[in-house]
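The block underneath contains the structure these notes are about, expressed in structure tokens.
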Amino acid sequence: MAKVHVTTTINGEPMEFLCEPSDTMLDALRGPLALTGSKEGCASGDCGACSITIDDRLVCSCLMLAVESEGHEIRTIEGLAQGEKLHPLQQKFLEMAALQCGICTSGMLVASDALLKKNPDPSEEEVRFWLAGNLCRCTGYDKIVRAVMETAAEMRAN
Amino acid sequence: MTELRYLAPDTLDEAVGAFAKAGSAARILAGGTDLLVQMRSGVLKPGVIVDIKKIPEVTAIEQTADGGFRVGAAVSGMALAEHETFGKVWPGVLEAVNLIGSKQVQGRASAGGNLCNGSPAGDSVPAMVAAGAIVTVQGPDGRREMKVEDVPAGPGRTNLKPGEILVSFTLPPRPPGSSDAYLRMIPRTEMDIAVVGCGVSLTMKDGIVTAARIGLGAVAPTVLLVEDAANALIGSKLDDAALAKAAAACSAACRPIDDKRGTIAYRVKVAGVLLKRTAAIAAQRATQKN
Chain A
1 MAKVHVTTTI
11 NGEPMEFLCE
21 PSDTMLDALR
31 GPLALTGSKE
41 GCASGDCGAC
51 SITIDDRLVC
61 SCLMLAVESE
71 GHEIRTIEGL
81 AQGEKLHPLQ
91 QKFLEMAALQ
101 CGICTSGMLV
111 ASDALLKKNP
121 DPSEEEVRFW
131 LAGNLCRCTG
141 YDKIVRAVME
151 TAAEMRAN
Chain B
159 MTELRYLAPD
169 TLDEAVGAFA
179 KAGSAARILA
189 GGTDLLVQMR
199 SGVLKPGVIV
209 DIKKIPEVTA
219 IEQTADGGFR
229 VGAAVSGMAL
239 AEHETFGKVW
249 PGVLEAVNLI
259 GSKQVQGRAS
269 AGGNLCNGSP
279 AGDSVPAMVA
289 AGAIVTVQGP
299 DGRREMKVED
309 VPAGPGRTNL
319 KPGEILVSFT
329 LPPRPPGSSD
339 AYLRMIPRTE
349 MDIAVVGCGV
359 SLTMKDGIVT
369 AARIGLGAVA
379 PTVLLVEDAA
389 NALIGSKLDD
399 AALAKAAAAC
409 SAACRPIDDK
419 RGTIAYRVKV
429 AGVLLKRTAA
439 IAAQRATQKN
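Chains A and B are the protein sequences, given in the same order. Under the numbering used here, read the first sequence as residues 1 to 158, first letter to last. Under the numbering used here, read the second sequence as residues 159 to 448, first letter to last.
See the structure below:
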């Protein structure tokens with residue numbers, strides 16, 4: 001079967017890769033692109049562990065074909081920190097222990113970042129509804145929601 | 159997975175040509191939030207995927223010359239939510255579209271996909287039916303228009319002909335005093351499939367309903383337009399007697415199934431309850447604007 005050549009931008013860097021037409025974006029990220037921060041949880045769009053953005057829009061990379069990234073801007077969890085400097089959300093998740101096993105964490109961070117870019121001052125209800133597509137089976141969500149709220153408050157102050 | 163070809167044409171003519179040529183092996187890709195799940199689970203093994211998102215007409219939201227809206231079939235729920243005026247004119251359609259899945263799903267999923275997926279429980283469909291939306295489809299024999307309620311044929315099936323692609327929804331201009339609403343009953347607060355969904359569109363003048371359309375979902379093999387319920391409301395002040403008559407008409411229209419989400423008896427009853435609640439929201443919005 002002929003592989004497809006895809007040209008895209010990932011975390012600001014021009015990227016090219018080869019994939020099968022049926023590969024998902026998550027397959028491409030974790031395979032040829034070796035960006036394994038995005039996790040596969042359910043592979044059916046329910047858990048959000050594979051969250052990425054395409055042209056700044058939050059999506060599940062398991063529900064998108066890799067070939068669909070042609071010509072678009074993809075951002076993944078690997079693009080959140082600036083070099084060694086963690087993003088305020090990452091720092092706050094660490095400080096407030098908003099993770100346990102960590103499988104959901106990259107998806108939570110990517111989704112939360114997308115929320116704060118759209119709405120720097122979300123209510124707790126808005127955070128909870130926004131993160132309804134990100135499942136966590138360890139922390140019970142409270143710590144995650146509080147970490148997002150605190151990060152938002154700090155980012156607004158700075 | 160067997161041999162799969164991916165095509166992403168720039169024009170509808172090319173898309174229709176490729177889709178028709180590939181026959182039953184082909185599937186249209188809009189947001190992909192249903193298609194990819196079906197492929198992954200092995201339910202579907204398409205030979206050709208025609209991605210329609212590079213076709214401008216299919217991804218555009220336009221205001222029509224008469225003051226209506228034309229929404230491309232592949233416009234995502236998030237894109238519709240971000241439109242400056244759409245949600246002000248059609249708040250019920252927007253809230254229905256924005257109930258489909260998580261924010262991640264919203265970033266991809268479209269009303270066109272929701273309709274073509276053929277689920278009796280698709281959230282956007284009863285709201286589009288209530289809105290009186292007309293769909294434009296294009297196929298090997300050219301273009302035609304259909305009422306949105308004529309598109310579903312049964313669970314997972316539509317009345318589109320082989321090779322036809324859903325292009326857009328056209329929503330009519332709104333007279334003053336018009337609004338709409340959509341409510342669904344689910345056992346949780348978010349991320350679930352409707353047990354009953356109800357869309358109501360009203361036009362009111364001096365407190366009296368002058369026009370009404372009602373769509374009901376998840377209570378029959380296809381989404382229903384319930385004209386008897388609308389007729390019970392037209393000419394009324396939405397008083398208890400009129401609402402009771404409309405609710406009874408909704409319950410009478412139901413032909414639901416028993417499943418893990420709800421029994422037949424429950425769905426029939428809830429259809430009437432939801433009609434009353436949804437009509438109240440639509441009326442409040444319609445009169446607010448005056």
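Even glycine gets a Cβ: it sits at the ideal position worked out from N, Cα and C.
{"Query": "Can we say the stretch 224 to 242 of chain B touches the stretch 186 to 198 of chain B, given the rule of at least three CB pairs closer than 8 Å?", "Result": "yes"}
{"Query": "What does a CB cutoff of less than 8 Å around B/L318 pick up in its chain, not counting 5 residues either side in sequence?", "Result": "C274, V295, G297, V309, L324"}
{"Query": "Hey, B/G235 and B/I258: beta-carbon distance below 8 Å or not?", "Result": "yes"}
{"Query": "Under the three-state reduction of DSSP, which class applies to B/Q262: helix, strand or coil?", "Result": "helix"}
{"Query": "Just the chain A side, please: which residues come within less than 9 Å of B/D209 by C-beta, in chain order?", "Result": "L65, V67, E68"}
{"Query": "Taking the alpha-carbon positions, what's the A/T139 to A/A97 distance?", "Result": "9 Å"}
{"Query": "Determine the chain B residues that contact A/T24 at a beta-carbon separation under 9 Å, and present them in chain order.", "Result": "L194, R198"}
{"Query": "So the alpha helix (DSSP H) A/E174 belongs to, where does it begin and stop?", "Result": "Past the edges of chain A, shown from 1 to 158, lies residue 174 of chain A, and the structure says nothing about it."}
{"Query": "Report the neighbours of B/G259 on chain A: residues whose CB is nearer than 8 Å to its CB, in chain order.", "Result": "G45, G133"}
{"Query": "Measure how close the beta-carbons of A/E124 and A/M108 come, nearest whole angstrom, since I'm counting them as under 8 Å.", "Result": "Wrong, their Cβ atoms sit about 15 Å apart, outside the cutoff."}
{"Query": "Listing by chain order, which chain A residues have their CB less than 7 Å from the CB of B/E348?", "Result": "F129, A132"}
{"Query": "Starting from A/G48, find everything on chain B with Cβ-Cβ shorter than 9 Å and list it in chain order.", "Result": "S260, K261, Q262"}
{"Query": "Which of helix, strand or coil does DSSP assign to B/K305?", "Result": "strand"}
{"Query": "Are B/I372 and B/G393 close, meaning C-beta to C-beta below 8 Å?", "Result": "no"}
{"Query": "What is the DSSP secondary structure of A/Y141, counted as helix, strand or coil?", "Result": "coil"}
{"Query": "Find the nearest neighbour of A/L35 within the set A/R75, A/A152, A/D55, judged by alpha-carbon distance.", "Result": "A/R75"}
{"Query": "Going by CA-CA distance only, name the one from B/L162, B/E161, B/K179, B/Y164 that's closest to B/P320.", "Result": "B/K179"}
{"Query": "Counting only the same chain and skipping the five closest in sequence on each side, list residues whose C-beta sits under 6 Å from that of A/S112.", "Result": "L89, V148"}
{"Query": "With DSSP as the reference, label A/E13 as helix, strand or coil.", "Result": "strand"}
{"Query": "Checking contacts by CB at 8 Å: is B/T436 closer than that to chain A?", "Result": "no"}
{"Query": "Taking buried to mean at least 16 other C-beta atoms within 10 Å of its own C-beta, is A/N119 buried or exposed?", "Result": "exposed"}
{"Query": "With distances taken from CA atoms, which of A/D23, A/D142, A/S51, A/G45 is nearest A/S106?", "Result": "A/S51"}
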